[in-house]
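Its first residue numbered 57, the sequence shown is counted upward by one per residue in the working numbering. Structure, as structure tokens:
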Amino acid sequence: MKYRLERGTERVEVVRHGRVVTVEFGDGRTEDHGAFDDDAAEEQLQVRVDQFLSDGWEESADLKAEREKRRAAAEHRARLKTKNEALAAAADPRTALRQAGGRWFSDADAQDVAAFLALVELIEDADESGFVVRLTNGGAVRWVCGDGEDQPLDSLWLYRDAKAFESNDHVVFFGVDAGPPETPDEVNGDVDWFVQTFAPNEKYWFTREQAPWAAHSWEHDGGLKEDGRSPEQVLLSVIMNALPSPSGRGSG
Numbered sequence: 057m058k059y060r061l062e063r064g065t066e067r068v069e070v071v072r073h074g075r076v077v078t079v080e081f082g083d084g085r086t087e088d089h090g091a092f093d094d095d096a097a098e099e100q101l102q103v104r105v106d107q108f109l110s111d112g113w114e115e116s117a118d119l120k121a122e123r124e125k126r127r128a129a130a131e132h133r134a135r136l137k138t139k140n141e142a143l144a145a146a147a148d149p150r151t152a153l154r155q156a157g158g159r160w161f162s163d164a165d166a167q168d169v170a171a172f173l174a175l176v177e178l179i180e181d182a183d184e185s186g187f188v189v190r191l192t193n194g195g196a197v198r199w200v201c202g203d204g205e206d207q208p209l210d211s212l213w214l215y216r217d218a219k220a221f222e223s224n225d226h227v228v229f230f231g232v233d234a235g236p237p238e239t240p241d242e243v244n245g246d247v248d249w250f251v252q253t254f255a256p257n258e259k260y261w262f263t264r265e266q267a268p269w270a271a272h273s274w275e276h277d278g279g280l281k282e283d284g285r286s287p288e289q290v291l292l293s294v295i296m297n298a299l300p301s302p303s304g305r306g307s308g
């Protein structure tokens, strides 16, 4: 971390680069203080900063703002971790997941929601980023949470079975990077790609910025198609179609 300190019109920065602590004065002077390992260098960094503070220096306004931003981010991560751990510990993982999924379940097709939740066996590996949903057929879903209550889902990976999960061989990806390597010629305007399927067929879904509630699809062989469903309906349908029989239903 770089400490930016000020005293009146004077400025100084104290920063650690590996085992070296450097003091950079506002007039261009620098002082290097070496240490025998990283822990000693970190300790020396704090000693130097504390000495400046005792001599009447203060943290700069931007450093205080940066520190507050990091504190708020740490508290946010802690809240997410607590929330996800509670989800994993819930007595009924299906009900808990449905509530946590928000609009991705409430706005999806009821039949798809029921079919998917019926496969949920347990929720595990919960941390501040998300959790893993284990399915009764051996498959799994890696679920990454969004930033707010209205964004319960940021990214998702679907694995057909335990072997695929262990080898990170997913068949469905949901997220902002779900688009093809290059935007197809027939897809015009500003679009947001949100779902991609893999082998045996690569297919992509997107929405247009002026109509985020309506999905469209594109694939190499089939070209551009108007889907007519919402992104929520598409996601659960694609997941169910990608799972193996008897749960899966074929193509998405």
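Glycine residues also receive a C-beta, built at the ideal position from the N, C-alpha and C atoms. Bear in mind that the values here come from a model prediction, so they are computed numbers and not experimental data.
Nearest to residue i (by Cα), restricted to the options the options
i      : options                        : result
Thr263 : Asp248, Asp277, Pro256         : Asp248
Asp111 : Glu141, Glu62, Glu80           : Glu62
Leu280 : Phe230, Lys259, Glu141, Leu143 : Lys259
His276 : Ala270, Asp241, Pro300         : Asp241
Arg133 : Arg216, Ser185, Glu98          : Ser185
Ile295 : Thr65, Asp165, Gly84, Asp94    : Asp165
Trp274 : Ala170, Asn244, Glu265, Asp203 : Asn244
Leu119 : Ala91, Ala144, Leu143, Val70   : Val70
Ala117 : Tyr59, Arg216, Pro236          : Tyr59
Glu265 : Ala145, Asp246, Val169         : Asp246
Arg126 : Pro236, Ala218, Leu153, Met57  : Met57
His272 : Asp168, Val105, Phe250         : Phe250
Helix, strand or coil at residue i according to DSSP, with G and I counted as helix
i      : result
Gln100 : helix
Asp88  : strand
Leu292 : helix
Glu222 : helix
Gly186 : strand
Arg159 : helix
Leu136 : helix
Arg63  : strand
Leu212 : strand
Thr78  : strand
Ala171 : helix
Ala146 : coil
Leu191 : strand
Arg285 : coil
Leu299 : coil
8 Å contact criterion, which residue i and residue j should meet: CB distance rounded
i      : j      : result
His89  : Gln100 : 6 Å
His226 : Leu214 : 6 Å
Phe187 : Glu180 : 7 Å
Asn193 : Leu299 : 7 Å
Pro175 : Pro149 : It is Leu, not Pro, that sits at residue 175 in the sequence shown. Actually they are not in contact, since the Cβ atoms of Leu175 and Pro149 sit about 11 Å apart, beyond 8 Å.
Gln252 : Ala234 : 4 Å
Gly211 : Val228 : Checking the sequence, you will find Ser at residue 211 rather than Gly. In fact, because the Cβ distance is near 11 Å, the residues do not count as touching under 8 Å.
C-beta contact flag for residue i and residue j at 8 Å
i      : j      : result
Val68  : Val76  : no
His190 : Ala196 : It is Arg, not His, that sits at residue 190 in the sequence shown. Contact: yes.
Phe230 : Leu291 : yes
Gln163 : Ser293 : The question names Gln, yet the displayed sequence has Asp at residue 163. Going by C-beta atoms, Asp163 is not nearer than 8 Å to Ser293.
Asp283 : Trp269 : no
Glu98  : Arg72  : yes
Arg159 : Glu288 : yes
Ala26  : Leu143 : Outside the displayed range of the chain (57 to 308) lies residue 26, so it cannot be described from this structure.
Gly82  : Glu66  : yes
Asp94  : Gly74  : yes
Practice task
Kindly provide the ranges of any beta strand (DSSP E) runs that are 3 or more residues long and lie completely inside the stretch 228-279, ordered along the chain.
Solution key: Listed in chain order, they are 228-230, 247-253, 259-264, 267-275.
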